[in-house]
Amino acid sequence: MALSGNLSRPKRFITTHDEEGKAIIDSTLPEDLPFTEVPSKVVNLSTCYVTEGFPTVLEDGKDVAVYQQHLADPPGLTVSNGTVIRYVDIRPGAEPLMHRTVSLDYGVVVEGEVELILDSGETRILRRGDMCVQRATMHAWRNVSSTEWARVLFVLQPVQPHVVAGKEVTEELGKIDGIRPST
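Laid out in structure tokens, this is it:
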């Protein structure tokens with residue numbers, strides 16, 4: 008897939024140990040991260056790493072194998088028993104898509120400026136280095152620029168069932184096409 012406008016192609020380096028116990032770079036997977044364009048062409052996504060289970064099992068590369076499975080069969084936005092780290096590249100002028108993940112998400116703006124839009128109508132502009140702790144609320148992201156792509160790095164982790172206003176919160180993908188429900 009083509010790069011998102013002027014944004015660089017990030018690399019992922021996974022460390023491991025050699026037979027002597029020294030830290031080395033694992034060469035199981037390519038360093039270049041794969042990006043996928045969602046059918047609406049609003050965002051490009053790169054699932055940088057996925058884990059399952061708490062705590063994560065590193066023995067015999069089990070965590071790398073879990074990630075490889077998720078590369079072959081991508082997860083929904085979240086994984087109910089693990090973590091997801093993902094780049095989201097947002098097209099300039101793209102319509103913000105209101106949605107909710109049932110997770111605790113850390114979002115850090117890496118490039119550009121984005122507007123966080125909440126279903127209450129409250130908004131905030133986040134610039135490079137700013138972060139949002141997203142707590143299973145209905146929200147959308149809008150790239151403030153009409154000419155340049157923006158990139159946000161998200162780390163998503165599952166949460167216990169969460170009740171708001173007497174109703175259990177559920178995942179709502181809204182108009183986000185090409186993303187399957189989380190499991």
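Mapping of the sequence shown onto the numbering used here: residues 8 to 190, in sequence order.
Cβ coordinates follow ideal geometry from the N, Cα and C atoms, glycine included.
Bear in mind the structure is a predicted one, so any value in this text is a computation, not a measurement.
* With 16 as the cutoff for other CB atoms within 10 Å, does Asp33 come out buried or exposed? -> exposed
* Asked: Does the beta-carbon of Ser11 have 16 or more other beta-carbons within 10 angstroms, so that it is buried, or is it exposed?
  -> buried
* Specify, as a first and last residue, the run of the beta strand (DSSP E) that His7 falls within. => Past the boundaries of the shown model lies residue 7; the chain is included only from 8 to 190, so the question cannot be answered.
* Burial state of Pro46 (16 or more Cβ within 10 Å) -> exposed
* To do: Under 8 angstroms by Cβ, that's how I've got Ser152 and Pro82 pegged, so tell me the actual separation to the nearest angstrom.
  => About 29 angstroms; that fails the 8 angstroms criterion.
* **Reduced DSSP secondary structure (H/G/I, E/B, other) of Glu196** => In the structure displayed, the chain extends from 8 to 190; residue 196 sits before or after that span and is not available.
* Asked: Who are the near neighbours of Asp112 in its chain, counting only those whose CB is closer than 6 angstroms to its CB and skipping five residues on each side?
  -> Contacts found: Gln141, Phe161, Leu163.
* Asked: Would the beta-carbon of Arg19 fall within 9 angstroms of that of Val95?
  -> no
* Asked: Taking Val116 as the reference, which of Leu84, Trp156, Met105 has the closest Cα?
  -> Trp156
* To do: Can you tell me which of the three DSSP states Leu52 falls into?
  => strand
* Contact set for Thr35: own chain, Cβ-Cβ below 8 angstroms, skip 5 residues either direction -> Ile21, Gly68, Val71, Gln75
* Helix, strand or coil: how does DSSP classify Gln167 here? -> Of the three classes helix, strand and coil, the one that applies to Gln167 here is coil, per DSSP.
* Report the option in Gly173, Thr63, Pro165, Arg134 whose CA atom is closest to the CA atom of Leu84. => If we check each option's Cα against that of Leu84, Pro165 comes out closest.
* Asked: Considering only residues of the same chain and omitting the five flanking positions on each side of Ser53, which have a CB-CB separation below 7 angstroms?
  -> Leu40, Pro41, Phe42, Arg93, Tyr94
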